[in-house]
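Structure follows, in structure tokens:
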């Protein structure tokens, strides 16, 4: 091991490493554009927090979906059933702890909500594992069949939820300490929305840490780009995929709890209703990109809330419009993943 | 020829409806650099991918040190000590040079866990890797990406390196660097199976040569014999070295 080779190319300079900031700028630009249209600073603050909270919950739900697509090109249209299941499990857990949820003491409230979240994540993660083995695995590499069978899986899942919990809406009330608003001047920001934003940031930070600082994260990022090469380096991409699928399902369960609390009631169709938003988000973000999914989720949340107030008729198709505009600008999404 | 490290016998490969390999017989000796030559579509890349398990052999045997690996999954084959540098280099463009190397060093969780002495040796072969250690691999030039692809394959000792057209699309100065690097690798007793179309490149490195045509090996022997025999070159490859220079 000697004789260093002089490499002419080594003398070449590389272009400077640049962070693509343009997609990040979309968020403040959107907020600034909405400010004069809402005609009131306090309303704007309230809408902005509502949009961020909604966006954070969508991010929690969609992040697993985008990684599952990025790693194995699997389009899971059944992801919505994990949300519904998580929310219904929360109604059961919180329903048995009414004394704690109705207490004014924050610790007792947390003592009820945290087990509900834990149960939802564990059970939905386990269901995700079965879903992957029974429904997804037989149709690897067959996109049309994937769409059909995962949609079928969602329908069956919804019906099973109706069998267990019934077809009617079930109230999922916020614990007492989570109700009400914080006042910032004249602007009222609901406590729960602030909590949802904090939980969303924690999940994003944890995911960012895992993806950028751990070997598993490196493998996931590499697998999204070129899974064949990851296998050629000696790693079993399918095991990695199963792990990501289970974690993604568990996160959807967490998102279901948060979404149910956000709407304060749950229905068996709630997952299906959100699924369209999820696909808009992962398409806007760039399929397989977690960073893009994060920005896309916040954009979708903000646009839905701003247009719902400024022009309610536009709100009906505002997210589709957002997707069209972004895809005209960047056809691969905000942060495209360099797939081989 | 010394003991074969890798031995292919009657390997057939189908890709969908297409029958690509028609009974490949090939031996790669311990510590030697064997070059696989042939025209476009002869089956060279398919042979490497079949050895690596990326395309499954429909029949025949592929033995690594006597163990039949034809039915093994790609990660199992890689774990038995085969490294693969594909034609498209397989670089993870969004990852840094460092992260690409950490992935290739299976035992390492982070850069600090890699064998520092081995890494210095790799840096000696390819100084650009040290210089651009924290840069995204996607920003590297074509030549630097090829160096990273080879550096990644040798960051840990491997029994066998499968390298697919390392000189493709590279400037002559970079090709010369590659030749020097492969010579250095040969001195470490690394066994290499190299697919090439650049006969000059192949001639300078190869100990042995196998020529493919129509999904079969049509010639196998010493590189020196082929390099010295223009008639044989014309017959097998449709060119002569003199014409190629």
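Residue numbers (my numbering), protein chains in the order written: chain L, 1 to 340; chain V, 1001 to 1245. Beta carbons: idealized from backbone N, C-alpha and C, even for Gly. Since the structure is predicted, the reported quantities are computational estimates derived from the model, not experimental observations.
Item to check | Counted within 10 angstroms of its Cβ, other Cβ atoms place residue 1188 of chain V as buried (16 or more) or exposed | outcome: exposed
Checklist entry - Near residue 1142 of chain V, which residues of its chain fall below 7 Å by C-beta distance, leaving aside the five closest residues on each side in sequence? => result So the qualifying residues of the chain are 1169, 1170.
Item to check | Contact list for residue 40 of chain L against chain V, beta-carbon separation under 8 Å | outcome: Contact annotation for residue 40 of chain L against chain V: no contact, minimum CB-CB distance about 43 Å [criterion: below 8 Å].
Item to check | Cβ contact check for the segment 1127-1145 of chain V and the segment 1063-1078 of chain V: 3 or more pairs under 8 Å | outcome: no
Checklist entry - Between the Cα of residue 1009 of chain V and the Cα atoms of V:1015, V:1024, V:1019, which residue gives the shortest distance? => result Out of V:1015, V:1024, V:1019, V:1024 has the C-alpha closest to the C-alpha of residue 1009 of chain V.
Next on the checklist: Taking beta-carbon pairs under 9 Å, can you tell me which members of the segment 307-331 of chain L lie near chain V?
Outcome noted: Listed by position, the residues of the segment 307-331 of chain L near chain V (Cβ gap below 9 Å) amount to none.
Item to check | Contact with chain V by residue 142 of chain L, beta-carbon distance below 8 Å | outcome: no
Checklist entry - With a Cβ-Cβ cutoff of 8 Å, do residue 277 of chain L and residue 58 of chain L count as a contact? => result yes
Item to check | residue 1019 of chain V, buried or exposed, once every other Cβ within 10 Å from all chains shown has been counted against 16 | outcome: exposed
Checklist entry - Could one say the Cβ of residue 1106 of chain V lies closer than 8 Å to chain L's Cβ atoms, at least one of them? => result yes
Item to check | residue 270 of chain L to residue 80 of chain L span [Cα, whole Å] | outcome: 8 Å
Next on the checklist: Quick check on the DSSP output: the beta strand (DSSP E) that includes residue 1064 of chain V runs from which residue to which?
Outcome noted: 1057-1064
Checklist entry - What alpha helix (DSSP H) runs, 4 residues minimum, are completely inside the segment 94-158 of chain L? => result 98-101, 106-131
Next on the checklist: Quick check: the Cα distance between residue 1201 of chain V and residue 1173 of chain V, rounded to an integer number of angstroms?
Outcome noted: 12 Å
Next on the checklist: Beta carbons nearer than 7 Å to chain L: which residues of the segment 1052-1084 of chain V have them?
Outcome noted: Within the segment 1052-1084 of chain V, the residues whose Cβ lies closer than 7 Å to some Cβ of chain L are 1052, 1054, 1074, 1075, 1078, 1079, 1084, listed in chain order.
Next on the checklist: Looking at chain V, is there any beta carbon in it that lies within less than 8 Å of the beta carbon of residue 102 of chain L?
Outcome noted: No, residue 102 of chain L does not count as interfacial toward chain V.
Checklist entry - I think residue 67 of chain L touches residue 288 of chain L, with their Cβ atoms under 8 Å apart; what is that distance to the nearest whole Å? => result 7 Å
Next on the checklist: Which of the three DSSP states is assigned to residue 1079 of chain V in this structure?
Outcome noted: helix
Checklist entry - Quick one: which chain L residues come within Cβ less than 7 Å of residue 1161 of chain V? => result In chain order: nothing, as chain L lies at least about 12 Å away.
Checklist entry - When burial is assigned at 16 or more other CB atoms within 10 Å of the CB, is residue 101 of chain L buried or exposed? => result buried
Item to check | Those residues which DSSP pairs with residue 265 of chain L across a bridge | outcome: When beta bridges are read from the DSSP output, residue 265 of chain L appears opposite L:171.
Checklist entry - Which ranges would you report for the alpha helix (DSSP H) in the segment 1134-1193 of chain V if only whole runs of at least 4 residues count? => result 1142-1154, 1172-1187
Item to check | When L:306, L:187, L:290 are compared against residue 42 of chain L, the one with the closest alpha-carbon | outcome: Among L:306, L:187, L:290, the Cα nearest to that of residue 42 of chain L belongs to L:187.
Checklist entry - For a contact meaning CB atoms closer than 9 Å, what does residue 1095 of chain V contact in chain L? => result 218, 221, 222, 225
Next on the checklist: On a Cα-Cα basis, can you pick out the residue from L:329, L:256, L:306, L:114 that is closest to residue 39 of chain L?
Outcome noted: L:306
Checklist entry - Under three-state DSSP, which class holds residue 342 of chain L? => result Beyond the ends of chain L as shown, which are 1 and 340, falls residue 342 of chain L; an answer cannot be given.
Checklist entry - Rounded C-beta distance between residue 308 of chain L and residue 296 of chain L? I'm assuming under 8 Å. => result So it is not a contact: roughly 18 Å between Cβ atoms.
Next on the checklist: What residue range does the beta strand (DSSP E) around residue 1213 of chain V cover?
Outcome noted: Its beta strand (DSSP E) spans residues 1208-1213.
Checklist entry - How long is the line joining the alpha carbons of residue 1005 of chain V and residue 1158 of chain V, rounded to whole angstroms? => result 12 Å
Item to check | Assumed close pair residue 1162 of chain V, residue 1051 of chain V - CB separation to whole angstroms, cut-off 8 Å | outcome: 6 Å
Next on the checklist: I need the straight-line Cα distance from residue 1211 of chain V to residue 1034 of chain V, nearest angstrom please.
Outcome noted: 10 Å
Checklist entry - Taking 8 Å as the CB-CB limit, is residue 67 of chain L close to chain V? => result no
Next on the checklist: Tell me the rounded alpha-carbon separation between residue 1032 of chain V and residue 222 of chain L.
Outcome noted: 32 Å
Item to check | Helix, strand or coil at residue 1228 of chain V [DSSP, three-state] | outcome: helix
Item to check | Cα-Cα separation between residue 84 of chain L and residue 97 of chain L, rounded to whole angstroms | outcome: Computed Cα separation, rounded: 20 Å.
Checklist entry - residue 192 of chain L touches chain V at which residues, Cβ-Cβ below 7 Å? => result The contacting residues do not exist; residue 192 of chain L stays about 36 Å from chain V at best.
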